[in-house]
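Novice: First residue of the sequence shown? That's 445 in the numbering used here, and the numbers climb one at a time after it.
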Amino acid sequence: MAQDTKIEVKNLTWQPRKAKAPILDQVSASFVPGAFTVLLGPNGAGKTSLLRHILAFIWPQSGQILIGGKDLRAYSRRDLAQQIAYLPQNSRSAYELRALEVIKMARFSHVPPFGQLGPQDKTAIDEAVTRTGCESLLNKNFAQLSGGERQRVLCARAIAQESRFILLDEPVSNLDLKYQHTILTALKALVADKGVGIICVMHDINLSQQYADQAVLLQKGRLVAQGSRQEILEPDLLSRVYGWPLDLVQDDRGQAFFVTRVPSPSLPDRPL
């Protein structure tokens with residue numbers, strides 16, 4: 445997988461017709477393969493909007509997105525699928541298909557129209573299934589799976605696509621603890637093993653602290669900062685952006701995590 449292919453967002457501005465202010469305002473950021481990058485910021489910061497622009501779901505009023513130095517608008521859907529896979533937040537579906545058939549959809553950009561899956565496709569699917577632990581789900585009806593199971597299947601589909609980047613919109617926010625870490629661990633391993641770039645919208649700062657290599661911090665549609673996890677997941681900066689005091693502490697094993705600083709309630713006046 446080529447390591448020189450990066451995603452560059454340049455001066456992106458987007459303001460829907462009825463919006464009173466831009467949802468994205470002169471945002472510039474870059475994303476590289478081989479890094480797990482989280483998009484962070486309060487509600488309304490523009491995280492999902494930025495992700496949807498990179499996916500070519502919506503187009504900006506001004507600015508440009510380049511993938512490997514090539515304008516996003518110049519990509520066909522088939523070619524774009526070889527660059528970017530997508531794992532949405534909401535995994536509800538009416539697919540009346542076996543989970544295996546859902547995963548096989550990932551290979552459409554690698555197989556000629558009306559072509560059959562070959563050995564390379566089957567290898568990619570088998571590896572994705574193993575990475576996400578979906579073996580027991582393959583012959584089950586996708587629509588009848590639990591939310592966590594569906595999300596694991598869709599994660600396997602994204603991995604099997606063998607794209608240079610996987611984009612995710614809060615993929616674990618509605619999942620149980622076990623499934624959160626199952627999916628994020630699989631994605632983190634993919635970064636290390638295959639050099640895939642992950643771009644993930646996250647709400648949970650502590651999950652970001654555990655899994656991210658890089659972070660992009662947004663507030664009210666503007667870029668606040670971009671850099672390494674250590675640079676961006678910093679208590680003073682996050683406290684300012686989120687509008688609430690945060691402390692970074694360590695447990696007995698040396699693992700760092702954030703806690704909110706809750707003000708002490710004022711005691712009522714009492715007569716002496």
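Yeah, the Cβ is synthetic: ideal placement off N, Cα and C, and Gly gets one too.
Just so it is clear, the structure is predicted and the values come from calculations on it, not from any experiment.
Thinking just about the alpha-carbon of each residue, which of E606, V573, S607 and F609 is nearest to the one in Q595?
Specialist: Among E606, V573, S607 and F609, the Cα nearest to that of Q595 belongs to V573.
Novice: Pairing CB atoms from the stretch 453-471 with CB atoms from the stretch 483-501, are three or more of them under 8 Å?
Specialist: In short, these stretches touch, since the Cβ pair count reaches three.
Novice: State the Cα-Cα distance for the pair Q694 and R522, rounded to the nearest angstrom.
Specialist: Q694 and R522: Cα-Cα distance of roughly 46 Å.
Novice: For the candidate residues K450, N455 and A479, whose alpha-carbon lies nearest to that of S672?
Specialist: Minimum Cα distance to S672 is reached at A479.
Novice: With H, G and I counted as helix, E and B as strand and the rest as coil, what does DSSP make of D680?
Specialist: Residue state, collapsed to three classes: helix.
Novice: Specify, as a first and last residue, the run of the beta strand (DSSP E) that L495 falls within.
Specialist: First-last for L495: K491 to I498, but that is the alpha helix (DSSP H), not the beta strand (DSSP E).
Novice: Can you have a look at G559 and say buried or exposed, based on whether 16 or more other CB atoms are within 10 angstroms of its CB?
Specialist: Exposed, because fewer than 16 other Cβ atoms sit within 10 Å of the Cβ of G559.
Novice: Just how far apart, CA to CA, sit V597 and A543?
Specialist: So the alpha carbons of these two residues sit roughly 7 Å apart.
Novice: Give the straight-line distance between the Cα atoms of L516 and S607, rounded to the nearest whole angstrom.
Specialist: Going from the Cα of L516 to the Cα of S607 covers about 15 Å.
Novice: Going along the chain, which unbroken runs of the beta strand (DSSP E) with 3 or more residues stay wholly within the stretch 634-664?
Specialist: DSSP runs (the beta strand (DSSP E)) wholly in the stretch 634-664: 641-645 and 658-663.
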